[in-house]
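Beneath this line is the structure, given in structure tokens, with notes to follow.
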Amino acid sequence: MAERAGGSTSLRGLRERMVAAAHALAEERRNQSGLCSLPSQSSNIRSTFRPVIDGSVLKNDVKQRLAKERREEKKRQQEANKETQILEKERKTRIQYERQMEEKQRKLKEQKEKDEQRRISAEEKRKQKLQEERERFKAVLYRTLERSSRVDCHQKRWSWEGSTAVNSETKTVNKDSVSTEKLEQRASGLHKQMSLSSAGLQNSIAKSK
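What follows is the structure, given as structure tokens:
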């Protein structure tokens, strides 16, 4: 029982001390609030003017930020314009190069066509010349053969007349025979020349083919 009475007394004392401490703390706070009333008022005054100062600072910050953004945008625009100019220059250079190549190809094609026309014209002239030479050769050969046939006819006729002629005409026949032999020799030589010319013409035609 004595122990229980002592325990309750100690608890009561503890409570009393706690209540006293609470009262003391409240009193101290009241005293502190009375002493700090003036500084709190000054702080309230400062707080009333602070938004104006903060607004001006904020306005300057906004101006600086906007100016920076404009500078960056201008720089990006300049870089974009520069890139566009470079691309346009490359495009013009490429178009000019393509035009030059097309012009070169066109000139080469025209030159080839001109060369082909000259070749065809030269070939036609050569064929025409060969044809003319062939015609001349045929004409000469025809005249030679005709002349040779005439000589043969005259020779036969003279030989027939010589066999039936009298002795007084022997000298005349001999002279005619000599003339006939000369004509035959000339015709034979001309025939050989024409044969050689014909062979040369045929060789030239074969080479041209």
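The numbers in full-length UniProt numbering rise by one with no breaks, and the one at position 202 of the sequence shown is 202.
C-beta: ideal position from N, C-alpha, C; glycine also.
Beta-carbon proximity list for residue i, same chain, < 7 Å, skipping 5 on both sides
i      : result
Lys63  : none
Cys153 : none
Residues of its chain near residue i, where Cβ-Cβ distance is below 8 Å and the 5 sequence neighbours each way are ignored
i     : result
Arg29 : none
6 Å CB neighbourhood of residue i in its chain, flanking five on each side removed
i     : result
Arg15 : none
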